[in-house]
Every structure is written in C-alpha cells, then in structure tokens.
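> Letter by letter, the sequence shown follows residues -18 to -1, 1 to 462 in mature numbering (1 follows the signal peptide of the UniProt record, and there is no 0).
My questions will all concern the structure given below.
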Amino acid sequence: MAAFLLFVFVFTNHLISGFSTQLPPPIYGNTITILSIDGGGIRGIVPAELDKDASLANYFDVIAGTSTGGLMTSLLTTPEPHTNQPLFNASTLIQFYKELGPHIFNQTSGWNPTYPGPKYDGKFLHNIAREILKETRLQDTLTNVVIPTFDLKTLHPVIFSNFKVKKVPSLNAKLSDISIGTSAAPTYLPPYYFKNGNTEFNLVDGGVAATNPAMAAVSEVIQQLKEENPRFKRHTKILLLSIGCGIKKAEGYDANIAGQWSQGFWVQSGLSGAIYDYASKDMTHYNLATVFPGLQSPNHYLRIQDYNMDPSMDSLDNATQVNMENLERAMAAVSEVIQQLKEENPRFKRHTKILLLSIGCGIKKAEGYDANIAGQWSQGFWVQSGLSGAIYDYASKDMTHYNLATVFPGLQSPNHYLRIQDYNMDPSMDSLDNATQVNMENLERVGKNLLNEQVLRMNITTFVPEKDKNDITNAKALER
C-alpha cells in the first residue's frame, strides 16, 4: 500500500508542477531575501501554510532549512525536469506531509526505549526522498540553499550550501542524501551514511547544530559579501523571514529542586539535552537581533512562530490525521513578532569596530562514530551514554566559531577576532572537576605554552582549526 501511495503522489505532483506559472528568478541587488524554515518533524505542516499557492523558490535568493525544514527546502527548490519550474509549492508540501507522514512515522514493530535501533527504521523516508528528488544535486537547485547537518564521525557540523560547492566539491551531494541526513533525528530515525566522491558522511539531524537555521543562512550570505561576490552589490541589505514549526510553552524548574536531582535523573529525563535545545533557539534570536542592526538592516528581520502550541501537537512524530489537521490550522493563530532595534546608543559612534579576544579552557580531541554503528543504538544508550547531550555541546561550540568568523567581516572588523584554545588537550586534564594539585599545575603549563603556539583560525567549512596565514604566535597576536 505504501509503495502504491508513493507512486500516486510522485506522479500527481509532477503533473501539477507542469502547469505552474513560472515567475522571474530572484535577482541580487540592494536586498538579498532569505527564507528560513525550522526543524520540527510532522510539525513542518505549520510553516507550509505560509502561502499555499506560491512557488517560494521564485521569491527568495536563499532558502534555508533544518531537519524537516531541510527536506522542505529540497522539495521547494528542486526543478521539475521538463519545465524547470519548482517541483513543489507550499500547497503540495502540505499534501506531502498529510499523505505520507503516517508512513514515514510508522513505528518499528515491538519498539521500546531499550530496542536496538531507532523508533522508526527510516526506509519509507529514504525511498520517498530518492524517488522524488532523484539525481538532483546541490548545485542544481533553483535558488541558493543552506541546509545544516551534523557529522557523528567528525563531531562537527556540515553546512550544505551551494555558495560553497565550487570551493568544496564534496558538498555537491544529492539532495536526497542531504535531506535524509538533516532529518535523521537521534533515537527517532537512523543516522545516515553516504559517500560523495571520496568523502564520507555520517550524518544526524541538522537540529543538533541549528534547529533554527536562520543564523547559518545569514552567515553564508555575509561570507559572500566578504568575498565580494560579483552578483552582490557593495551595500547589500538582508531581508530575512524565519518561520518556526510551533513550540509548546516550556515549564521550568526551581534551582533548589533541581539541586536534589541525581546525575541519572538528568540523563534519563532528557533534560541534559533539552536545555541545549532551548538555549540554542534563544541564542539564535539573540544573535540575529543584534547582528541585523550591524548589517544596516535593522527592520529587515521577521520571525513567525507559535510560542504556545497545544502540548498535544508538540510531538515531532504525531502523524495522526487529527493532529495534522490541527497543525494546519495552527498557523492561523500565529502572532507575528518583529523586533526592531531603532535606538542608537549615543556613546557608540556610527562606524565603531569591535575587538574580541576569546579564550578557551582546552578540550580533548573527540572521537566520533560511524552512522551504521550508531543506527543500532537504543534510545536508552543514546541517553545513558550522554551522547544525546554531548553532540549539542560539540555543535554549539563549532557554530559559535562559524558565526563569529562570518559576522566580524560583516561588522567591518575582519581582523579583530582572536580565539586562543588548546584543541588537543591531554584527556587526563579534560575533566571540569579534577582539582588535584598535579592537574592544576599541568593546566597552568598548558596556558603558558599556548602563548608560544601559532594562532589558529577555524576553517568554517570543515570546522577544523588551521594555522593562521600570518604565521604568528598567540603572544605576538596579543601584542598587536
């Protein structure tokens, strides 16, 4: 039955897209338009309600998406083979979720948290993505796309951006592989392994790195401005529309109560990972609200989100007919939130630059995991091993470097950011609570030795630190 539904859906969608009226493609000028779509599983129905009849690839210079938003991005920007028009619009996206969602989230028989493997085997999602997107690659999209993922082997984010495919050909992967990878939510769907040329990817959900991909999209555009992309005008502004999938109102905890919790409770309750997720979303808003005035685009950022979603609709895998209909209606109740930073602090001059010195406490070199091995892990193992929280920590640190390295050029301070960190600390010194005399003396020596080591700059494509081209030590850089 699922195979028949797949055939019918693909056939009718190709037929409908052939009758669409093509609009002129986005053109870079004084304003670059960005659409950003959050992750949220079946709740992707909510942002799909934005404009049912619009072929969004014809309106935006960049479309970014994470997890379910990444899948939506691929569907919205893939060209129909015979007409070269967008394969999907918002209306057919809703049809996609409502008809195929129950088959994507079809629970593995006999599954429970100790079951070896994720809640859903992912086979239907893999098949539908490959069938619809076929051989379309990142470079073939109708407009620029930015899709964050996280590599479980390297323990670094991978940002699939077709701004970068010429410099990094390995990123020019099939959209089906990228979509499956960014949607592989740990414990829900299996981590996804694929190979593009000689490069291996072991991907899990892009939400680990950026549940809201708006900042990643803005960073990609800033990089193009820095590199003086000839298609971008010098004084280009950015117009960003960021759409969420709805979130329930979170209930917090008193510090005095939480102080009585055991380590086991923190882990088993899922809070050790959940707090990273809450913080990541808030910090994205925080950064965007401050970056946009610096880019001289203070009134060009709109975030649309339902912050008080009915808890019964909050699950990312509730694909019942009733819930999908409720999600479709939810967008009508969304309040538009526009944060405008119009006040100019009189103590700041208009063209003030920023000088930032960032000092780390040292980290050991992390060892990653193969996607095929991680695909056999139970939900219990993800939680008890601490990985469900640790991967958020790895991703958060990398995304901080990524954003700073791109934001500084946009703020006219390209050489005013220095990060000093030991990226290969002895594992015996990595614990945050080892207060023995021997360890403290060792840590003191690490700090002194860092001054004589060469300045490292984060490669914001590979997320691997590289020696600065000026070949100077941290001590010399501090003197400047």
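No residue lacks a Cβ here, since even glycine has one placed at the ideal position from N, Cα and C.
If we ignore side chains and look at the alpha-carbon of each, how far apart do Arg25 and Cys227 end up?
For Arg25 and Cys227, the distance between alpha carbons rounds to 5 Å.
> Let's see if you can read the secondary structure: which residues bound the alpha helix (DSSP H) around Gly163?
Element bounds for Gly163: Leu157 to Thr164.
> Helix, strand or coil: which one does DSSP assign to Lys219?
Strand at Lys219.
> Between Asn406, Leu223 and Gln366, which lies nearest to Ala46 when the distance is taken from Cα to Cα?
Comparing Cα positions, the closest option is Leu223.
> Just list the residues that DSSP pairs Glu448 with in beta bridges.
Partner(s): Arg439.
> Determine the direct distance from the alpha carbon of Ala457 to that of Val203, and round the result to whole angstroms.
Computed Cα separation, rounded: 33 Å.
> What did DSSP end up calling Asn327 once you bin it into helix, strand or coil?
Caution is warranted here: a pLDDT of 40 is assigned to Asn327, below 50, making its placement in the model unreliable, and the coordinate value is therefore given only provisionally. In this structure, Asn327 counts as coil in the three-state DSSP scheme.
> Taking C-beta to C-beta, are Gly23 and Thr50 nearer than 7 Å?
The answer is yes: Cβ separation under 7 Å.
> Can you grab the Cα-Cα spacing for the pair Gly52 / Met265, in whole Å?
Taking the straight line joining both Cα atoms gives about 20 Å.
> Evaluate the contact criterion for the segment 161 to 169 versus the segment 235 to 243: three or more CB pairs, one atom per stretch, below 8 Å.
The segment 161 to 169 vs the segment 235 to 243: no contact.
> When the distance is taken between beta carbons, is Ala377 closer than 7 Å to Pro100?
Result no, Cβ atoms of Pro100 and Ala377 do not sit closer than 7 Å.
> Please list, in chain order, all residues of the same chain as Ser143 whose beta carbon is under 6 Å from its beta carbon, the five residues on each side excluded.
Cβ neighbours of Ser143 beyond the five flanking positions: Val128 and Glu202.
> Tell me whether Asn71 is buried or exposed, calling it buried when 16 or more other Cβ atoms sit within 10 Å of its Cβ.
The residue in question, Asn71, is buried, as its Cβ has 16 or more Cβ neighbours within 10 Å.
> Shortest alpha-carbon distance to Asn94 belongs to which of Thr443, Phe363 and Lys347?
When each option's Cα is compared against that of Asn94, the closest is Phe363.
> Using the DSSP secondary-structure output, state which residues sit across from Ala46 in a beta bridge.
Ser18 and Val128, per the DSSP bridge assignment.
> Helix, strand or coil for Val147? Go by DSSP, reduced to three states.
Coil, per DSSP.
> Could you give the DSSP three-state label for Asp133: helix, strand or coil?
The answer is strand: DSSP assigns Asp133 an E or B state.
> Mapping DSSP to helix, strand and coil, what is Asn40?
Three-state DSSP puts Asn40 in a helix.
> Quick one, are the C-beta atoms of Phe106 and Val186 less than 7 Å apart?
Going by C-beta atoms, Phe106 is not nearer than 7 Å to Val186.
> Whole angstroms are fine: how far does the CA of Pro68 sit from the CA of Gln358?
Each residue's alpha carbon lies about 37 Å from the other.
> I'd like to check one pair, Thr125 with Thr59: are the Cβ atoms closer than 7 Å?
Yes, these two residues count as a Cβ contact at 7 Å.
> Check whether the segment 398 to 405 and the segment 425 to 441 are in contact - that is, three or more C-beta pairs closer than 8 Å.
Touching, yes, given that three or more Cβ pairs across the two stretches are closer than 8 Å.
> Can you list, in chain order, the residues of its chain with a C-beta nearer than 6 Å to that of Ile86? Leave out the 5 residues immediately preceding and following it.
Around Ile86: Phe106 and Leu107.
> Is it right to say Ala111 is buried, meaning 16 or more other beta carbons lie within 10 angstroms of its own, or is it exposed?
Under this definition Ala111 is a buried residue.
> What first and last residue would you give for the alpha helix (DSSP H) that runs through Leu185?
Note, Leu185: premise wrong, no alpha helix (DSSP H); beta strand (DSSP E) at Thr181 to Val186.
> In terms of residues, what are the limits of the alpha helix (DSSP H) holding Tyr79?
Residues Ala72 to Ile86.
> Between Lys156, Ser37, Tyr174 and Tyr384, which has its C-alpha nearest Val446's C-alpha?
Val446 has its Cα closest to that of Tyr384, out of Lys156, Ser37, Tyr174 and Tyr384.
> Whose CA, out of Thr418, Ala155 and Leu438, lies closest to the CA of Ile341?
Per the Cα distances, Leu438.
> Taking C-beta to C-beta, are Arg119 and Asn88 nearer than 7 Å?
Not in contact: Arg119 and Asn88 (Cβ atoms no closer than 7 Å).
> I believe residue 468 touches Asp352 by the beta-carbon criterion, under 8 Å. Please report the beta-carbon distance rounded to the nearest angstrom.
With the chain covering only -18 through 462, there is no way to say anything about residue 468.
> Pick out whichever of Asn416, Ala192, His282 and Asn354 has its Cα sitting closest to the Cα of Thr382.
Thr382 has its Cα closest to that of Ala192, out of Asn416, Ala192, His282 and Asn354.
> Using 7 Å as the threshold, is the C-beta distance between Gly189 and Gly21 below it?
In this structure, Gly21 lies closer than 7 Å to Gly189 by Cβ.
> If you run the structure through DSSP and keep just helix, strand and coil, what is Asn12?
Residue state, collapsed to three classes: coil.
> Does the separation of the CB atoms of Ile14 and Asp43 fall below 7 Å?
It is a contact, given that the beta carbons lie within the stated cut-off.
> In whole angstroms, what is the alpha-carbon distance linking Pro61 and Asp122?
Straight-line Cα distance between these residues: approximately 8 Å.
> Can you tell which of Leu460, Thr455 and Asn441 has the C-alpha that lies nearest to the C-alpha of Ile141?
Selected option, being the one with the closest Cα: Asn441.
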